[in-house]
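Numbering (the numbering used here), first residue to last: 21 to 589.
Every residue gets a Cβ at the ideal spot worked out from N, C-alpha and C, and that includes glycine.
Notes for the one structure printed next.
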């Protein structure tokens with residue numbers, strides 16, 4: 021082992037001091053945790069180190085030994101003060117310091133003896149502590165618009181260094197402006213622990229929009245993540261500036277319905293007493309902002325108001341309209357009238373607005389209002405009128421029955437599809453329902469439903485000879501009868517002609533007569549021509565004039581003319 025001279029030792033110590041001043045390393049420790057302080061020996065090999073020693077700066081010109089370790093020997097603890105029992109040596113000759121606290125903020129020096137040299141490596145220790153938490157205390161009961169009010173105090177306890185607190189409204193930082201925002205901060209240091217407690221007081225002048233605002237405070241520690249307090253909300257009070265009358269009613273508002281009036285004021289807290297002006301009547305309500313009008317009528321239409329009890333000049337109004345629709349159909353219901361008479365049908369309408377009218381007969385829409393100047397059986401049916409005004413509808417009806425003497429409107433016939441029978445059809449109008457009878461017996465009787473005073477009766481016959489058939493109808497008001505000629509089916513088959521219609525039988529007879537008369541006229545004309553020829557010859561023989569005529573000639577001419585007239589008929 022080589023001994024160093026005093027001058028060499030002094031030179032080494034001076035060099036160490038120069039390194040300490042020129043580049044001092046800083047290590048940050050967390051309060052209450054174990055701190056490792058490195059011994060920066062660089063590229064020096066462990067086997068080259070003879071002695072390793074740790075000490076700390078106790079003050080100007082004073083140092084305190086902590087521990088020492090010689091090569092091939094264990095660690096010797098030399099600390100006798102607050103570090104006794106808290107220091108040990110770690111890997112690479114580092115110093116382990118347990119339960120770090122603020123009083124540990126010193127300069128710790130690692131002294132190393134290697135070969136014939138001595139090296140010192142000072143390290144500055146700083147201890148940080150995150151605040152125990154953020155809390156808003158002394159919170160205001162409420163905030164008043166336009167008035168600077170102490171909102172609360174945000175406290176960050178036991179930190180190092182002292183916390184820097186920021187106030188936020190809806191996550192937006194607040195900055196003191198000397199008007200509506202004032203922030204005052206203070207720091208209190210614990211004499212025992214040396215930890216700092218920061219208090220920040222916010223005074224705030226609220227606005228109406230701050231009613232639902234959330235206020236928080238935050239701090240960003242030197243080590244670790246940002247801390248944010250729990251949000252705080254405050255009631256913002258302000259006087260009523262606007263009032264609104266709200267009307268709630270079933271649409272459409274008709275007679276018999278209910279109307280609820282609600283008075284809305286924008287003050288906070290909201291007013292609890294209101295006056296309702298009900299068309300000249302004043303009603304005061306307390307601890308509520310509504311009033312209900314029941315069973316309204318058309319007379320309830322008009323202007324309604326509400327106002328503050330504390331300030332009657334603060335009022336709001338609303339017009340209420342009760343709509344109504346009255347109809348009166350005369351006559352209505354079930355009506356029985358005589359055929360041929362007039363019926364005066366009137367519809368009276370009393371409505372609060374524009375309306376439309378629709379008429380139907382037996383569920384079929386009519387183009388216009390029905391008029392009955394002369395009732396017929398076809399006028400029978402159910403008439404309905406529907407009057408519509410917006411969403412409001414009124415209906416009424418007339419069930420009209422027209423009665424009178426039955427009338428046969430048509431008596432017809434047709435040949436069956438198989439050609440082996442004929443169908444007689446009797447179409448009748450009358451009411452009450454008339455009874456129908458035939459002058460002959462038939463088969464396959466068929467009667468249509470009796471609708472609106474009309475009925476059709478059919479029978480099937482197989483005439484063996486030409487017949488004249490009658491259809492008779494009757495009810496309590498009278499009777500009617502009509503006849504029709506029906507030709508024999510046997511005669512039609514013998515003639516081998518298709519029976520287009522029995523009406524053609526009469527046509528055939530007329531055509532035959534006309535043809536016969538025409539043939540008779542031709543025969544008579546021919547006889548007359550022969551006679552005239554002979555007469556001229558006789559006249560020449562007897563010496564009569566050619567232009568003259570005998571008595572027989574005149575008679576013959578008269579006969580021809582008479583037959584000609586008959587033929588034309």
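Per DSSP, cross-strand counterpart(s) of residue i
i: residue 130; result: 74, 141
i: residue 402; result: 419
i: residue 155; result: 175
i: residue 193; result: 188
i: residue 283; result: 265
i: residue 49; result: 147
i: residue 501; result: 492
i: residue 302; result: 297
i: residue 348; result: 368
i: residue 246; result: According to DSSP, residue 246 bridges with nothing at all.
i: residue 218; result: 176, 207
i: residue 238; result: 186, 248
i: residue 64; result: Note: residue 64 sits in no beta bridge, so no partner.
i: residue 270; result: DSSP, once it has assigned bridges, lists no residue as partnering residue 270.
i: residue 322; result: 340
Beta-carbon contacts of residue i that lie in its chain and below 6 Å, excluding the five residues immediately before and after
i: residue 373; result: 409
i: residue 268; result: 280
i: residue 195; result: none
i: residue 38; result: Confidence in residue 38 is poor, its pLDDT being 33 and thus under 50, which makes the residue's placement unreliable; the coordinate value appears in the next sentence. Around residue 38: no qualifying Cβ.
i: residue 129; result: 75, 140, 142
i: residue 221; result: 173, 204
i: residue 425; result: 497, 498
i: residue 500; result: 426, 427, 428, 493
i: residue 414; result: 345, 347, 407
i: residue 45; result: 143
i: residue 543; result: none
i: residue 463; result: 480
i: residue 350; result: 366
Reference residue i, options the options, closest by Cα
i: residue 120; options: 48, 310, 495, 78; result: 48
i: residue 476; options: 60, 100, 432; result: 432
i: residue 443; options: 479, 135, 170, 265; result: 479
i: residue 201; options: 460, 229, 166, 127; result: 166
i: residue 136; options: 69, 111, 142, 83; result: 69
i: residue 473; options: 397, 414, 438; result: 397
i: residue 461; options: 365, 468, 482; result: 482
i: residue 293; options: 323, 315, 329; result: 329
i: residue 273; options: 315, 300, 298, 74; result: 315
i: residue 55; options: 115, 542, 91, 363; result: 115
i: residue 248; options: 156, 426, 266; result: 156
i: residue 60; options: 95, 91, 454, 110; result: 110
i: residue 343; options: 451, 365, 359, 371; result: 371
i: residue 240; options: 148, 468, 411, 125; result: 148
i: residue 251; options: 154, 207, 390; result: 154
i: residue 448; options: 300, 491, 325; result: 491
i: residue 286; options: 253, 231, 457; result: 231
i: residue 92; options: 82, 80, 84, 66; result: 66
Spatial neighbours of residue i in its chain, beta-carbon cut-off 7 Å, leaving aside the 5 residues before and after
i: residue 103; result: 86
i: residue 53; result: 120
i: residue 352; result: 416, 417, 418
i: residue 363; result: 357, 392, 395
i: residue 529; result: Model confidence at residue 529 stands at a pLDDT of 44, short of 50, so the residue's coordinates are unreliable; what they give is reported in the following sentence. Hits under 7 Å: none found.
i: residue 185; result: 174, 176, 205, 218, 220, 237, 239
i: residue 510; result: 484
i: residue 399; result: 392, 420, 422
Chain-order list of residues whose beta-carbon lies under 8 Å from that of residue i (same chain, five-residue window excluded)
i: residue 244; result: 150
i: residue 385; result: 378, 379
i: residue 506; result: 433, 442, 444, 481, 483, 486, 487, 488, 489, 522
i: residue 324; result: 265, 267, 281, 296, 297, 298, 299, 337, 338, 339, 340
i: residue 531; result: At residue 531, the pLDDT of 48 sits below 50, so the modelled position is not reliable; the number obtained from the coordinates is stated separately. If we look at residue 531 and ignore the five residues flanking it on each side, it has no Cβ neighbours.
8 Å contact criterion, which residue i and residue j should meet: CB distance rounded
i: residue 406; j: residue 378; result: 5 Å
i: residue 321; j: residue 341; result: 5 Å
i: residue 144; j: residue 127; result: 5 Å
i: residue 234; j: residue 190; result: 6 Å
i: residue 217; j: residue 178; result: 6 Å
i: residue 257; j: residue 307; result: Their Cβ separation, rounded to whole angstroms, is 19 Å, which puts residue 257 and residue 307 out of contact at 8 Å.
i: residue 277; j: residue 270; result: 6 Å
i: residue 117; j: residue 106; result: 6 Å
i: residue 338; j: residue 309; result: Not confirmed; about 14 Å, so no contact.
i: residue 317; j: residue 275; result: 5 Å
i: residue 72; j: residue 89; result: 5 Å
Near the ligand SAM: residue i beta-carbon under 6 Å from a heavy atom
i: residue 116; result: Absent from the structure shown: the ligand SAM. Ligands present: none.
Quiz item: When the Cβ atoms of the segment 326-346 are set against those of the segment 256-264, are three or more pairs found closer than 8 Å?
Solution: yes
Quiz prompt | Contact between the segment 217-228 and the segment 164-179 (3+ Cβ pairs under 8 Å) | solution = yes
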